[in-house]
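Here the protein sequences come in this chain order: A and B. For the first sequence, the numbering used here gives the first residue as 483, with consecutive numbering after it. For the second sequence, the numbering used here gives the first residue as 476, with consecutive numbering after it. Yeah, the Cβ is synthetic: ideal placement off N, Cα and C, and Gly gets one too. A short write-up of the structure that comes next.
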Amino acid sequence: MGRTSIKNKLILSFLALLLIVMVVISVINWVAPDFLLSQAISTALALAAGIVFGGIFSKSLVNRLNSLSDAAREVSHGDLSREIPLLSRDEVRDLEEIFAKMVDDLRSMISEMKNVSIQIQQTNRSLLDFVKKIVKRGEEIDQLTKSIAKGSEEQTLIVQKTAISLDNGLNQMDEMVKQSSETVSKANEARLQAEIGENKASQTVKHLEEVLKQMSEHTQPMFRLANKVEKIKKVINIMDDIAQKTDLLSLNASIEATRAGEMGKGFALVADEIRSMAENSKRSSQDIKTMVEDILEDNKTATIALTKTQEGINRGRETIRSILNTFSDTLTDVKDISSAIKEVEEVTGKQVIQMRTLSGHFQELSQLADKNFISTQKTTVATKNQIDDIVRIAKAMRSLTALSEKMMLTQQRFKLSAARQPASEAALD
Amino acid sequence: MELFIFNSAEEYLGIDANYVYRVVEEIKITPVPMAPPYYLGLIYYRGELFEVVDIVGLLGSGKAKLKGNPRIILLKWSDKKLAVIPDRISGLLWIEDKKGQDTIFTEGNHSVRLITPEHIWKRLLELPYGPTKISEDF
């Protein structure tokens with residue numbers, strides 16, 4: 483159905499009214515004899531027709547506008563349930579349609595707003611629970627971060643102490659390496675001394691061998707002398723025996739001469755002389771025997787002394803040979819010790835390098851622990867800030883909830899049609 | 476008279492040289508069982524047996540110190556034969572007077588006691604028979 487504007491309607495109505503007036507005036511003019519009268523009657527009729535027409539037209543327009551105004555007033559009071567009547571087909575009809583559409587949109591919007599408010603409230607509730615959990619976890623994180631910070635601090639201290647211990651160990655190992663070097667040099671000196679000692683002991687053994695050989699050569703005459711003196715002793719014993727026999731013979735000759743009486747006196751004298759000679763011979767042989775025994779005794783003493791000296795030299799030689807063996811063993815041991823100390827020195831050097839690397843790692847670890855400590859401190863601060871932010875978020879959400887509740891209360895002021903009542907509102911109610 | 480002087484147990488004894496038959500040595504003394512004390516045994520010399528006595532012990536002036544291979548003085552008179560063992564033989568000594576048993580005279584720095592073989596024999600016969608200990612030196 484086509485639309486007609488008020489202007490066109492007003493022009494058409496005016497033209498129709500003018501046509502009617504002109505017809506009426508024509509009639510009047512045809513009827514009325516007086517022109518002026520007819521003119522006056524025509525003007526009066528035209529005025530009356532214009533007033534009636536204007537009144538009817540304005541009343542129609544005002545009624546429709548009043549109706550729309552009433553509807554707007556009800557809408558302004560929150561009653562959106564009223565349906566806007568669409569009576570005309572002119573510009574007011576556009577206004578009515580726009581108004582109806584506005585009311586309908588407002589209704590939809592409020593309904594949507596209600597849904598959104600409900601959803602906001604539900605979301606806020608979920609978010610609040612979530613925020614509470616986040617706050618709780620944030621507090622746990624804060625506690626854990628504090629524990630980590632404390633652990634990091636302790637770790638830093640331990641690492642620093644370990645680094646100091648490692649430094650001390652390194653110093654000690656440096657000292658040990660130095661001492662090992664000194665020990666190696668001393669072991670080398672000891673080896674040289676042992677070699678010199680071994681050479682000297684070898685020379686001493688050679689000298690002793692020569693001394694023993696010479697002593698053996700020099701002792702032989704002593705032993706030969708002893709043998710010869712023994713032979714002299716035997717001869718002297720024979721002489722003594724002969725002297726004894728002579729003495730005995732002369733004694734018996736004297737006895738026989740005595741028994742012979744005067745005849746044997748001369749023989750007795752001879753026998754006495756022989757006996758005297760035998761006794762002299764016996765004494766001489768005794769003296770010689772004594773001297774020979776003295777010589778033998780001295781020779782025996784000298785021989786014993788020489789034998790003891792020889793034994794002593796032999797023992798000395800054996801001792802020096804033992805010393806030589808000891809020197810040889812010592813030399814071997816010193817060489818072994820020297821090589822072992824060198825190995826120890828090398829190993830210690832490697833250990834020092836490894837410990838230096840380890841110390842560097844410990845330094846890095848210490849720095850990392852420091853950084854870790856600082857990071858944990860920052861994390862603690864950040865966690866605290868986060869908790870504060872979350873608390874602020876929670877406050878904002880509470881404010882939002884309050885606002886949404888307030889909005890709900892405001893929305894409740896609007897009366898919607900039952901069909902437009904949202905399901906979520908029903909659920910919320 | 477000619478005296479045969481010998482020393483036994485630190486005592487100088489003298490005996491008439493006519494009784495001395497021989498001075499010997501290196502002769503084995505054979506012990507006699509059941510013999511009286513101071514009877515040392517028998518020796519065999521040139522077909523004759525001589526009875527060996529400890530003269531010092533027998534005469535009661537000590538005991539002979541027998542050791543080694545001593546010289547043995549063989550005494551022989553009439554049909555009796557004795558052997559005595561001195562410590563040392565001094566030799567023959569001439570004295571003017573004839574003296575009897577146990578006469579003591581001084582010769583040099585020593586006192587010499589005279590003994591007779593008969594006296595020795597008599598003392599030997601006076602000894603009681605019985606077991607006696609043979610000196611270990613023999």
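- Separation of the CB atoms of S565 (chain B) and N482 (chain B) is rounded to 6 Å, and the pair is thereby assigned contact status at 8 Å.
- Rounded to the nearest whole angstrom, the CA to CA distance from S667 (chain A) to Q661 (chain A) is 10 Å.
- Counting C-beta pairs with one atom in each stretch, the segment 590-604 of chain A and the segment 886-901 of chain A have three or more that are closer than 8 Å, which means they touch.
- A distance below 8 Å between beta-carbons, with the five flanking residues on each side excluded, links S698 (chain A) to the following residues of its chain, in chain order: Q792.
- Counting C-beta pairs closer than 8 Å gives fewer than three between the segment 635-650 of chain A and the segment 862-872 of chain A, which falls short of the contact rule.
- At a cut-off of 8 Å between beta-carbon atoms, I564 (chain B) makes contact with chain A.
- Interface criterion met: the Cβ of T740 (chain A) is under 8 Å from a Cβ in chain B.
- One thing to note: I510 (chain A) has its Cβ within 8 Å of the Cβ of I523 (chain A).
- A753 (chain A) counts as buried, since no fewer than 16 other beta carbons sit within 10 angstroms of its beta carbon.
- Secondary structure within the segment 842-906 of chain A: not one fully enclosed alpha helix (DSSP H) run of 4 or more consecutive residues is present.
- In this structure L562 (chain A) touches V585 (chain A) by the C-beta definition: roughly 6 Å separates them, less than 8 Å.
- Not a single C-beta of chain B is nearer than 8 Å to the C-beta of I724 (chain A).
- Within the DSSP bridge table, the entry for N482 (chain B) names B:Y487, B:R563 as partners.
- Taking all protein chains in view, the Cβ of P567 (chain A) is surrounded by fewer than 16 other Cβ atoms within 10 Å, so the residue is classified as exposed.
- Against R521 (chain B), chain A offers no close residue; the least beta-carbon distance is about 12 Å (beta-carbon pairs closer than 8 Å).
- In its chain, beyond the 5 residues on either side, T858, T861, T862, T865 have a beta carbon closer than 8 Å to the beta carbon of T627 (chain A).
- Shown here, H585 (chain B) sits in a strand according to DSSP, grouped into three states.
- Here G651 (chain A) carries a helix assignment [DSSP, helix/strand/coil].
- By DSSP's assignment, R546 (chain B) forms a beta bridge with B:E500.
- The Cβ atoms of L707 (chain A) and I802 (chain A) lie no closer than 8 Å to each other.
- Against chain A, the beta carbon of E500 (chain B) has neighbours under 7 Å at L730, listed in chain order.
- Rounded to the nearest whole angstrom, the C-alpha separation of K632 (chain A) and S663 (chain A) is 45 Å.
- Excluding residues up to 5 positions away in sequence, L778 lie with their Cβ nearer than 8 Å to the Cβ of E712 (chain A) in the same chain.
- Residues of the same chain with a CB within less than 8 Å of the CB of E500 (chain B), apart from the 5 flanking positions on each side, are N544, P545, R546, I547 in chain order.
- Inter-residue distance for E571 (chain B) and L533 (chain B) is about 28 Å (C-alpha atoms, whole angstroms).
- Look at S736 (chain A): its C-beta is under 8 Å from a C-beta on chain B.
- Below 8 Å, enough C-beta pairs join the segment 544-553 of chain A and the segment 563-583 of chain A to call them touching: three or more.
- The three-state reading of DSSP puts V507 (chain B) in coil, since its state is none of H, G, I, E or B.
- In the DSSP secondary-structure assignment, W569 (chain B) is bridged to B:E477.
- For A558 (chain B), no Cβ of chain A is located within less than 8 Å of the residue's own Cβ.
- The distance from the Cβ of S841 (chain A) to that of D649 (chain A) is about 7 Å, consistent with a contact at the 8 Å cut-off.
- Any Cβ of chain B closer than 8 Å to the Cβ of R765 (chain A) would place that residue at the interface, and such an atom is absent.
- Burial state of D729 (chain A) is buried, judged by a 10 Å Cβ sphere holding 16 or more other Cβ atoms.
- Taking 8 Å as the CB threshold, R757 (chain A) lines the interface with chain B.
- When beta bridges are read from the DSSP output, D561 (chain A) appears opposite A:K897.
- V527 (chain B) has B:G516, B:A558 as its beta-bridge partners, per DSSP.
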